[in-house]
Amino acid sequence: MQQPLLEIKNLGIGFSTERGRIQPVRDVSFSIYPAQTFALVGESGCGKSVTSLSILRLIPEPPGKYLGGEILFGGRDLLKLPEHEMRSVRGKEIAMIFQEPMTSLNPVYTIGDQIAEAVTLHQHVSQDQAYRIAEDALHDVGIADPHRRLREYPHQMSGGMRQRVMIAMALSCQPKLLIADEPTTALDVTIQAQILELLRKLQRERGMSILLITHDLGVVAENADVVAVMYASRIVEVATVEDLFDRPQHPYTEGLFRSVPKLGRDTERLETIPGQVPNPARFPSGCKFHTRCPRTRALAAQSQPQDVVTIHTGEEQAKVMRVCQQDEPDLREVLPKHWAACHFAENFATAAQTVPQLEHRREVVPDMVDVSAGAAPGGSGHAGNFTVS
18 MQQPLLEIKN LGIGFSTERG RIQPVRDVSF SIYPAQTFAL VGESGCGKSV TSLSILRLIP
78 EPPGKYLGGE ILFGGRDLLK LPEHEMRSVR GKEIAMIFQE PMTSLNPVYT IGDQIAEAVT
138 LHQHVSQDQA YRIAEDALHD VGIADPHRRL REYPHQMSGG MRQRVMIAMA LSCQPKLLIA
198 DEPTTALDVT IQAQILELLR KLQRERGMSI LLITHDLGVV AENADVVAVM YASRIVEVAT
258 VEDLFDRPQH PYTEGLFRSV PKLGRDTERL ETIPGQVPNP ARFPSGCKFH TRCPRTRALA
318 AQSQPQDVVT IHTGEEQAKV MRVCQQDEPD LREVLPKHWA ACHFAENFAT AAQTVPQLEH
378 RREVVPDMVD VSAGAAPGGS GHAGNFTVS
């Protein structure tokens, strides 16, 4: 069995605030294998971006603090590396692209200067060589006339071209892992498709791994091999992309799928998950999703009074299962190679608590994936046509 490229074990991140310490990332564990695309999915505020920034040790200390856990990359714990060694990891071995390239590129330097700076920092080449590498990188990401573009400034480019520049900069040093934090959020649909196809092409050519941070399930269906769903600082479900779309186990995952528009379905309004992701300073007790969960409410309506408790959510009262309100479920392997953190997921009571590890890659038949796919409870959706390798 192949060893993971990146292993995160029981990661905890805290921030000191005027109201005390908050913890937006708690007990997060997952692994990414070579040449694999691992998607981290969830609503805004669930902890996705903090998790990704922590891999590169970009959490400012203070106010941030690593509260525990390990981030193993190539066998080294990144949390224990001195800063000068960590600088050699950033950009060279692990690179990152962000969701808004205009705020990531320096407006007073040319595109060539910015890419060449990253190249000379990690590859110890001359300035002329660095510019040749920068030009090749722009060519690789599909920018026409790269020699001329090297002398341009970010404001002279469109949003899609700036995102291509960010990808070129990130890949100029041939990293083993690319962290893509919602790389297509600010782009229109046509440019989004081009950027994602570019990432897939470069991944095939270079064999790099991708950590894809997104809330777009269409992007997940087209690009991911393995998916982790994150909610309120913790991972609540992990599975292959096929299993997740066909048989979701956590009610939050089911809610995400129900909120996706379906082709061929005549619907006036999309379904939504009531409420919002809780503030890390005021997490509810027990399962962090129980205040919004339709599954626990449905079960409470047909359960014995001693198993039910009444909660207040804003101006509403609701009956939920007592175990959901009192006990936070751990992440268990409820089905083969499928983990969920829900008291009422299939087989949860007898399932083992194990660390998710999935060495899985799939090959998608071109133009056959329905990006509007989604699974309602019971697994009515499908993530397209897959050939599993």
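According to this note's numbering, the sequence shown holds residues 18 to 406 in order. Beta carbons: idealized from backbone N, C-alpha and C, even for Gly.
Check your understanding: Whose CA, out of A241, I76 and A362, lies closest to the CA of L348?
Key -> A362
Review point. When we look at the beta-carbon of K305 and count the other beta-carbons within 10 Å, is it buried (16 or more) or exposed?
Key: buried
Exercise for review: With G81 as the anchor, note down where its beta strand (DSSP E) starts and where it stops.
Suggested key: G81 to F90
Check your understanding: Going by beta carbon distance, what residues of the same chain come within less than 8 angstroms of K354, once the five residues before and after it are set aside?
Key -> A256, T257, D260, L375 and H377
Review point. Do F32 and Q40 have their CB atoms nearer than 9 angstroms?
Key: yes
Review point. For the ligand SAM, any of its heavy atoms closer than 8 angstroms to the Cβ of Q374?
Key: This structure lacks the ligand SAM; in fact it carries no ligand of any kind.
Check your understanding: Over what stretch of residues does the beta strand (DSSP E) that includes A245 continue unbroken?
Key -> V243 to Y248
Practice item. Would you be able to state if there are at least three C-beta pairs under 8 angstroms between the region 75 to 90 and the region 158 to 168? Key: no
Check your understanding: Taking the continuous alpha helix (DSSP H) assigned at I39, which residues delimit it?
Key -> I39 -> not in any alpha helix (DSSP H); beta strand (DSSP E) instead, spanning G37 to I49.
Exercise for review: Round the Cβ separation of L188 and L219 to the nearest angstrom and send it over; I've been treating them as touching at under 8 angstroms.
Suggested key: 6 angstroms
Review point. Do Y269 and V253 have their CB atoms nearer than 9 angstroms?
Key: yes
**Study point:** Straight-line gap, P99 to S105 (C-alpha atoms, nearest Å)
**Key:** 10 angstroms
Practice item. Just list the beta strand (DSSP E) runs in the region 150 to 205, keeping only unbroken ones of 3 residues or longer that don't cross its boundaries, in chain order. Key: 194 to 198
**Study point:** C-alpha distance - D94 paired with R107, whole-angstrom precision
**Key:** 14 angstroms
Practice item. Taking F32 as part of the beta strand (DSSP E), name the residues at either end of that continuous run. Key: L23 to T34
Review point. For G92, is the classification buried or exposed, using 16 other Cβ atoms within 10 angstroms of its Cβ as the cut-off for buried?
Key: exposed
Practice item. Compute the Euclidean distance between the alpha carbons of L75 and R168, then round it to the nearest angstrom. Key: 30 angstroms
Point to revise | Reduced DSSP category for K305 - H, G, I as helix; E, B as strand; rest coil | key: coil
Practice item. Let me know if P278 comes out buried or exposed under the rule of 16 or more other beta-carbons within 10 Å of its beta-carbon. Key: exposed
Check your understanding: Of the residues Y170, V236, L213 and Q173, which one's Cα is nearest the Cα of I184?
Key -> L213
**Study point:** Anticipated Cβ contact below 8 angstroms, H267 with V246, distance rounded
**Key:** 6 angstroms
Practice item. Identify whether T54 lies in helix, strand or coil by the three-state DSSP scheme. Key: strand
**Study point:** Spatial distance of V325 from K65 (CA atoms)
**Key:** 32 angstroms
Review point. In the structure shown, what three-state DSSP assignment does V351 receive?
Key: strand
**Study point:** N- and C-terminal bounds of the alpha helix (DSSP H) containing A238
**Key:** L234 to N240
Practice item. Could you tell me the distance, in whole angstroms, from the CA atom of T202 to the CA atom of Q209? Key: 8 angstroms
Check your understanding: When burial is assigned at 16 or more other CB atoms within 10 Å of the CB, is S250 buried or exposed?
Key -> buried
Exercise for review: Provide the residue span of the alpha helix (DSSP H) that contains H139, from first to last.
Suggested key: I128 to Q140
Practice item. Could you check which residue in W356, H307 and L138 has the C-alpha nearest to that of Q334? Key: H307
Check your understanding: Excluding the five sequence neighbours on either side, which residues of its own chain have a C-beta within less than 7 angstroms of the C-beta of A368, listed in chain order?
Key -> R349, E350 and V351
Review point. Could you check where the alpha helix (DSSP H) with I290 kicks off and where it finishes?
Key: Taken as a continuous stretch (DSSP letters only), I290 belongs to no alpha helix (DSSP H), as it is neither H nor E.
Review point. Name the DSSP bridge partner or partners of H329?
Key: Q334
Check your understanding: Per DSSP, which one or two residues make a beta bridge with L228?
Key -> F55 and I196
Check your understanding: Does the Cβ of G292 have 16 or more other Cβ atoms within 10 Å, making it buried, or fewer, making it exposed?
Key -> exposed
Check your understanding: In the DSSP assignment, what are the bridge partners of V340?
Key -> According to DSSP, V340 bridges with nothing at all.
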